[in-house]
Every structure is written in C-alpha cells, then in structure tokens.
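Data first, discussion second: the structure below is written as structure tokens.
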Amino acid sequence: MHALSEAAARDGSIQSRRAMHGKNTLQIGLFGPNCSSGRAVTLVPERWSGNWPDNRRLAQMSDEAGIDFLLPIGRWKGYGGDTDYQGTTLETITWATGLLASTKRITVFGTVHAPIFNPVVAAKEMVTAGHIGEGRFGLNIVVGWNEGEFDMFGVAQREHADRYDYAEEWIDVIKMIWSDREDFDFKGRYLDMKGIRGKPKPFGGAGTRPVIMNAGSSPAGQAFAVRNCDAFFLQASRTSLDDTAQRVRNAQAAARAQGCEIGCYTVGVVTCRPTRKEAEEYFQHITVERADWRAVDGILALKNISPQTVPMQDYVLKRSQYAQGMGGLPIVGDPDHVAAQLADLSKAGLTGIAISLVNYIDELPYFVDEVCGRLERMGLREKVKPNDV
Ligand SMILES: Cc1cc2nc3c(=O)[nH]c(=O)nc-3n(C[C@H](O)[C@H](O)[C@H](O)COP(=O)(O)O)c2cc1C
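Going by this note's numbering, the first residue of the sequence shown is number 36, and it counts up by one from there.
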C-alpha cells in the first residue's frame, strides 16, 4: 500500500472521514447497487442484478478506480411491476461490512432505518463495520416513508415530524455509546434505556465516529440533517444552476446557524456514451420504450401521486421523472458534456454526487476513463496512483 493512503486509511478523524479519506474537490459515489435493478426502473435485460458477486466486483473496481463512496438503499419490500423493481436487496450494514473487508480505500455507507434498528445493536454493528474498514464506514440515517415496509415489522410509522424527533434521540444515544461514556442511562421522549455500554469504541477511538448523512427533503428532515449530520443530500435543480447553488447556500447557512458544518451532495443518473446521440437514444430506450411502467405507477401510488391527487401536468412530469431514475438528476451525453455538468455542480458548491448507472460494472470503466479523467484534468479530482490501493 502507498505510504500516504495507508496513513489516510488509518486516520480515524472526522475530517478525514468527511473527505472520504481523499482530496477530491468533487466526490463521486455509486448509489443503489445493493438492489436489484439499482435505480433504473427498466425492463432491459442488462439491468443490474444486485447480487453479491456483482456487488463485490463493483466495489473492488470502484476502489481501484478512485470512486469515493458506495451508497446503498435501505429497502425492505420491492415495488412490484414486471421486474419487481428493487425487490431483491442486500441488507446494508452487512453488505457494507463485506465490502469493507474486500476493499482498501473506498467509503461504504450503511443505510439504516432508525425506527426499526435498536440503537444499541446498530451502534455496535456500525463500530464493527468501522473497525473492519479502518474508518471507512458511513451511516445514512433514514426514517422511512413506505408504510408497507413498516407493517412488515409490526412497527407503526409515526407522524412525519415525530419521525425525525425519534431519529434525533436514536442518533444521540448512538453518539453517546461511541463516546467515552459507559454504563449510562438514557431517558428521552421515546427511549428509556439503562446501564448502556458499548465497546469497542469506533475505529480511531472514542471521540471519533462514522461520517453521517441524511437526505430528508421536508423542512423537518432538512433541520434534522443540518443539526446531526456531516453530509446532506439535496435535490439539484433540473433547470437552473443558480437555484442549486442557492439550495446549497441555504443548507450551509442553516448548519452554520447551529454551529455545524455540512457538505452538500446530490443524486445523478448518468448515461454516458461516445456521442450525444448514442447517449440520448439509450436513455430514451431505458426510460421510455423499455421502462417498467407498472413499477413506476406502483411507486407513484405509494407516494400518493395520481391524476386524482395532483394536477395532470404534474402527474405526467413526476411519472417521467421517476422512470428517469427516481427523481435523480439525469446527466445524459458524451464525456465532455457529462464532465461539464459535473463540474457545474461542483461550482454550485456541491461536495459530491452519488450516481447510478443501468449496469454499474459494464458502464463504470468508460465513466472512469473518460469522465473522471476529464475531471482530473479540470483539477476537481485526483488521479489514482496504481499503488494507492
Ligand atoms: C440519496 C438519498 C438516499 C435515500 N435513501 C433512502 C433509503 O435507503 N431508504 C429510504 O427509505 N429512504 C431513502 N431516502 C429518502 C429520504 O431519506 C427521505 O425520507 C425522503 O427524501 C423524504 O424526505 P422526508 O423524510 O424529509 O419527508 C433517500 C433519499 C435520497 C435523496
């Protein structure tokens, strides 16, 4: 292992974790590979398997290529349709742990539904993953939105604002377990726990912890994120870079008002081909001609979006946005175009982006060579040296 990266990998500081143990101005992650179909609601046969051998191979390829992080989706039930979209998913903390043991440099997140994971168990699982990955485990806290998933656990979903109040208690206890406190009691509005103890402490010792992210889009969700997290995922505007920049500034100002610093990230759906025409044709094929429209309609129904509940124009727009990648920003074009769009997002103040590809393994090498190569030449990413991993 290269001396520098060895030092970075062993540095358990929160600064190093927030930088994903690297120096990239624009961090790039892969979103959704633990799920069948990834994030592409499509029928095409090359859609993502989501199985373990493919995930392990993808993680190792990503590690070697300098991709900064892997972000899974905590999904307990699929969405049906002709493909049972995201119907088969690997549980995210155990998935991350396996991948951390198989890689050297990349950060791997677990996406944890606070209401269904006991905090004492979750704290220890995450510490275990962190030790195996030498400080490369990250936590995505989610409170859940899909009632059917909660019914399966026999857990009642709380009112929306209460979900984030609960999550705040949940992460407070976990942070205490990760600190040097021992044998403490916790009595909050929801949790009443006695004689709490958790050892070992996080990799790097008490006082450090995994990097934490959240992607709430409601005011309650955003307020939770800026108070409790290192990284906040927001939706980039599809029409105006200034709007995206404003969203970033708002989140950062809200964090600073709480005495915190937050990095802002977004979600993108990348289709990159040698020519713009090829990219657009493939995108059209995946997201229109061969979309799994029955699954798209199932997702919209879960979110209570129908011609009966929203104006027809909004319904048609939402339907096509979900088919294009669950609301992520579509970035479609040749390498110059894709790299330029990513550079613009960096200019808007984003720290990073989590992208999805229809078939991650097939498409990653071209993306890394052509798009990451351009971003390196623009000074937004560092070139990976072969001995870095
Ligand atoms: C990058 C990203 C990752 C997310 N991951 C999950 C997930 O794995 N499981 C889940 O149930 N929700 C997930 N969500 C949904 C959010 O956590 C959140 O519930 C949603 O944006 C609605 O916001 P709200 O909770 O503030 O209403 C994700 C959203 C984004 C943008």
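Don't be surprised by glycine CBs; every beta carbon is placed ideally from N, CA and C. Quick caveat: nothing in here was measured; it's all calculated off a predicted structure.
Beta-carbon spacing of residue i, residue j below 8 Å
i	j	result
T261	A280	Per the sequence shown, residue 261 should be read as Val rather than Thr. It is not a contact, given that the beta carbons lie outside the stated cut-off.
F144	L93	no
S391	G360	yes
A100	L399	yes
F238	E184	no
H166	P68	no
L364	V406	no
V76	A358	yes
G85	T123	yes
R53	D379	no
A383	L276	yes
I176	A202	yes
S381	T60	yes
D103	Q62	yes
A157	Y199	no
Q95	T127	no
R284	L269	no
I396	D89	yes
R354	V373	no
K58	E411	no
When the options are compared against residue i, the one with the closest alpha-carbon
i	options	result
L174	A196, E182, T146	T146
K210	G233, R282, I167	G233
I108	Q95, L125, T118, V403	L125
T386	D46, G64, G47, S48	G64
Q287	S275, T306, N263, T310	N263
F172	G256, A292, H56, Q348	H56
I151	G189, L135, I141	G189
K229	I212, Y300, A258	I212
R308	R282, S48, R354, F318	F318
H320	T344, V393, S272, G384	V393
M413	V323, V208, D332, A375	A375
W111	N153, S51, W83, N181	N181
N153	M187, D197, E204	E204
Y401	T306, S341, A191, L352	T306
Q356	F267, I334, N90, T344	I334
D215	S252, G240, F66, A271	G240
G251	T301, D278, E217	T301
L226	G242, D218, K58, D207	D207
C295	E417, R273, F267	F267
Y120	R74, F259, G242, R273	R74
M231	T274, C299, V155, Y350	Checking the displayed sequence, the identity of residue 231 turns out to be Ile instead of Met. Residue V155 is the option with its Cα nearest to I231.
E194	G242, S253, D218, R140	S253
T322	R82, F66, G242	R82
V419	W87, R140, S72	R140
Q50	R273, S272, S71, G298	G298
A197	T344, S48, A258	The identity of residue 197 in the sequence shown is Asp, whereas the question assumes Ala. Ranking the options by Cα distance to D197, first place goes to A258.
G47	G242, Q343, N339	G242
Residue i at chain C interface by Cβ criterion, 8 Å
i	result
T146	The displayed structure is made up of one protein chain only, and chain C is not part of it.
request  = With a floor of 4 residues, list each alpha helix (DSSP H) that falls wholly inside the stretch 314-400, ordered by position along the chain.
outcome  = 328-337, 347-358, 370-382
query = Does the pairing of the stretch 155-174 with the stretch 114-132 give three or more beta-carbon distances under 8 Å?
reply = yes
task = Write down every uninterrupted run of the alpha helix (DSSP H) in the stretch 40-89 whose length is 4 residues or greater and which is fully enclosed by it, in chain order.
result = 49-53
message = Between the stretch 366-385 and the stretch 302-314, can you find at least three pairs of beta-carbon atoms closer than 8 Å?
response = yes
request  = Pair every Cβ in the stretch 222-230 with every Cβ in the stretch 240-256, then say whether three or more of these pairs are closer than 8 Å.
outcome  = no
query = Do the stretch 113-122 and the stretch 325-333 meet, that is, are 3 or more Cβ pairs less than 8 Å apart?
reply = yes
task = Can you check the stretch 238-325 for any beta strand (DSSP E) of at least 3 residues that lies completely inside it and give the ranges in chain order?
result = 246-249, 266-268, 298-307
Within the stretch 124-188, ranges of the alpha helix (DSSP H) (whole runs, at least 4 residues) = 127-136, 154-167, 182-188
Complete alpha helix (DSSP H) runs within the stretch 189-216 (minimum length 4 residues, chain order) = 195-213
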